[in-house]
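Trainee: Numbering (this note's numbering), first residue to last: 808 to 1026.
Think of the CB as a built atom: it goes at the ideal place given N, C-alpha and C, for glycine as much as any other residue.
Please read all numbers here as calculations on a predicted model, not as lab measurements.
Quick one: the structure is below, and I'll ask about it shortly.
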């Protein structure tokens, strides 16, 4: 399974080479979001890596090649789900390096600190987003699933950003303000753990569905 994850990294080594540039661009673009910038960057970078890997595999016909090898479809699916967590960790590491460099350079670019809430929101976002995307991907392939991935990215990205804006009092949306007020009234550590726990359960259910759909798919 490790080799499958490494394969996803190797086929998009050019994209990985621009990882730092993506973080810089997204951090500048998200200046107005405040504390939600970190969450937005992690989601955006993870989305970019997931979509790039899926696109390159589609062009290379990797599904046909992999299914001709003595590799179970369950391991192929598991590698994709684990890759999502790895991409998220890479985005976090890149953000930490970027913020550390900026702290040494006199540049007026705001780099919000990583908080337990923003970290939980980032990983919950990428887990739930890709848990919806992958069952469609393993059922239909990348060409049809890419529309879903595009919609999911913007839905999750703007939804989370609006929540962060509401939490900081910048949003006038009554629904998001009510959610933000609830969030501000509960213990943030416990709530963050609940979000991550719920996202993990959702991801496990999605994994089981993806394996079932992929096993029934013909190439």
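Given residue 822, which residues of its chain have a CB within under 6 Å of its CB, disregarding the five upstream and five downstream residues?
Mentor: Counting only Cβ-Cβ distances below 6 Å, and skipping sequence neighbours, we find 859.
Trainee: Which value, in whole angstroms, describes the spacing of the CA atoms of residue 949 and residue 865?
Mentor: Cα to Cα, the separation comes out at about 6 Å.
Trainee: Helix, strand or coil for residue 846 per DSSP?
Mentor: Residue 846 falls in the helix class under three-state DSSP.
Trainee: Can you tell me which of 960, 905, 965 puts its alpha carbon nearest to the alpha carbon of residue 826?
Mentor: The candidate whose alpha carbon is nearest that of residue 826 is 905.
Trainee: Whether or not the stretch 841 to 857 and the stretch 920 to 930 are in contact is what I'm after, with contact meaning three or more pairs of Cβ atoms, one per stretch, closer than 8 Å; do they touch?
Mentor: Yes, the stretch 920 to 930 touches the stretch 841 to 857.
Trainee: Taking the alpha helix (DSSP H) that residue 936 belongs to, which residues open and close that run?
Mentor: Where residue 936 is concerned, the enclosing alpha helix (DSSP H) stretches over 923 to 947.
Trainee: Counting only the same chain and skipping the five closest in sequence on each side, list residues whose C-beta sits under 6 Å from that of residue 944.
Mentor: Cβ within range, chain order: 952.
Trainee: Between the alpha carbons of residue 1025 and residue 910, how many angstroms are there, rounded?
Mentor: Distance between the alpha carbons of residue 1025 and residue 910 is about 53 Å.
Trainee: Could you check what DSSP says for residue 1027 in three-state terms: helix, strand or coil?
Mentor: Nothing can be reported for residue 1027, as the shown portion of the chain is limited to 808 through 1026.
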